[in-house]
Every structure is written in structure tokens, then in C-alpha cells.
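Shown next, in C-alpha cells, is the structure this report addresses.
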Amino acid sequence: MRLPTGQGPGRADALAVARRAVELGVNLVDTAHMYGWGANEELLAEALHPYPDGLLIATKVGIVRAEPGTGEQSPVGKVAQDARPEVLPGQVDEGLRRLRMERLELVQLHRLDPQVPIADQVGTLADLQRAGKIGHIGLSEVSVAELDEARRHAEIASVQNRYSVLNREHEPVLEACEAAGIAFLPWRPVAEATPGELPGGDAVAAAEIAAVAQELGATAAQTSLAWLLAHSPVLVPIPGTSSALHLEENVAAPSLPFTAEQHLRLARLGRS
């Protein structure tokens, strides 16, 4: 769930959306240390604590503010990967405090740090797991080889890579997750299937998605979510929203009467 993190009316709306999500049966909320540098975690705690039974809040660690003149641009400024063993425990402790939890049920490496051996990154989270601070360990934006290496050092519960009906670059990773029984959480799962965001102005894809959506009496975003849910049993889409209307549309997607024929039509559109 992607929510505003500042003060004012936007924050009030975000609190309302988070609470409405739980009312509608949403049982997985994804956040991260870098989302507002902890503000999103604090917002979720304000909205939902004490947490209802069955709600999984997943967070991510391993990203820090970049030093001046370095890093990659992001919505929260310049950032850098930092998953050193001396950094990750502090971020986990901050997450525990901000989310008001005794244990973080799912902690994901936001990105693998190319300067730190995977064994050290995953091993640090495994140490925190043994200490009772983490329930499960996840990864983000990894290849099959990186997933295999990480699994040599800890049990991996989830992978969060970009994936959608039109962007299937990480199909081999999805297949590896299916084989191992690992949850695959596609981020931005509907962006490329909604009007205005189709890659290269793909008129054929736009027309086919619109046609299936019309048959279902649904939106393009709902249709994309329905396709993902039908595509693999390990796919757990995590669409972001700050809108109560879009939230309710997303929650309704699993109940769409999506057919195998419609799934095949959209599957032919994907690119890797």
C-alpha cells in the first residue's frame, strides 16, 4: 500500500484508507524504511495499532540517504544501497519502534547491496531472525542466481520484483519461486496496464486490455490484477493506492469472473 506520509489533509486521508483496507479484508500491507524515512511505518502504526489478527505488515531495509554528490534519485531524494551487517540491525530496530511491534513478521532487503556479499546481507537478517526480531526474510529485485545464493544462507519467504501483465522480465524468477514455494510480490502490478502508462503507446495492448475489461465490467487496473491472480498461485500483488475508490476497486478484483480464454489473450501481450 502506497500512502502519503506528510501532515495535513493528505495524512488524514491516508489514515482513513489504511483503516478501510483492513475493514475490506486486506491482510498484507507493504512499507519500507525509506518511505518517508520511517514516516510511512509510523503512519501505519497510527492507523492500525493494535493490529488485527491476520494482518501482515511487511517492511524493507537496506536503503539509506546518499552522501552528497552520490546515489540514485528517488521520491525521497538521493538514496544508496547499504546492507552492511552494522547497518541492517539498526534499521530493523527502528522499524520495530515505529511500527510498535515486538517482531517484524516479514523483513525484505529493499535491494541487494553490490558492495556486500549476499551471505553477509542475508546472514545478518538470519541472525536477527534467530534473535526473535524477524519472523521471515524476503528479497527485492533479484535474479534467479541471486535468489539461489540467498537461499544457501537462510530460508527465503518472499521475493518482490517488478512484474505485470505487460512486463514479464522476471518470469524466470517467478518460476523459481513457484518451484520453491516462495511468495512472489509484484510491485507496481497495474501501472503498465492502465491508460497513459502503456509502454511505447502500445495501441494493440491497450485495445485488448480494454476489451477484456469491458467484458468483465471492470477497470483496466482490476483486469490486470485479476490476470496476475489467475497466472500463478504464488503471486501476491501489492498495488499502491492513496484513494479509497481505487482501494475498493483493487479489493474487488479477485471476485471478477476471469476466464482461461481471457487470461490467454492477455498473456500473449506480455514482454520479457
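6 is the number of the first residue of the sequence shown in the working numbering; add one for each residue after it.
Even glycine gets a Cβ: it sits at the ideal position worked out from N, Cα and C.
Is it buried or exposed, residue i, if we count other Cβ atoms within 10 angstroms and call 16 or more buried?
i      : result
Gly143 : buried
His175 : buried
His115 : buried
Leu117 : buried
Arg24  : exposed
Gly43  : buried
Pro119 : exposed
Pro80  : exposed
Thr228 : buried
His54  : exposed
So residue i and residue j are supposed to be a Cβ contact under 8 Å. How far apart are they, rounded?
i      : j      : result
Leu230 : Pro238 : Actually they do not touch by this definition, with Cβ atoms about 15 Å apart.
Leu57  : Val27  : The amino acid at residue 57 is misidentified as Leu; the sequence shows Pro. Contact flag correct, Cβ pair sits at about 6 Å.
Val164 : Val147 : 6 Å
Leu101 : Val170 : In fact, because the Cβ distance is near 36 Å, the residues do not count as touching under 8 Å.
Gln96  : His38  : 5 Å
Met270 : Val195 : A small fix is needed here, since residue 270 is Arg in this sequence, not Met. About 17 Å; that fails the 8 Å criterion.
How big is the Cα-Cα spacing for residue i and residue j?
i      : j      : result
Glu160 : Gln219 : 42 Å
Arg135 : Arg273 : 44 Å
Ser145 : Gly59  : 23 Å
Leu93  : Leu111 : 14 Å
Lys83  : Pro262 : 43 Å
Ala50  : Glu77  : 29 Å
Phe189 : Arg105 : 26 Å
Ala210 : Ala225 : 11 Å
Cys182 : His268 : 21 Å
Leu48  : Leu20  : 7 Å
Ala258 : Val69  : 35 Å
Ala184 : Asn166 : 17 Å
Leu179 : Trp192 : 13 Å
Ala71  : Glu266 : 48 Å
Ala124 : Lys65  : 18 Å
Asp132 : Pro177 : 29 Å
Gly140 : Gly186 : 17 Å
In this structure, does DSSP put residue i in helix, strand or coil?
i      : result
Gln86  : strand
Ile123 : helix
His141 : strand
Ala215 : helix
Arg167 : strand
Leu250 : helix
Ala71  : coil
Ala162 : strand
Ala52  : helix
Glu146 : coil
Val195 : coil
Leu271 : helix
Val112 : strand
Spell out a yes or no on whether the segment 18-34 and the segment 78-94 are touching, meaning 3 or more CB-CB pairs, one atom from each, closer than 8 Å.
Contact fails: fewer than three Cβ-Cβ distances are below 8 Å.
For the 8 Å Cβ check, are there 3 or more pairs between the segment 151-158 and the segment 204-221?
Short answer: they don't touch.
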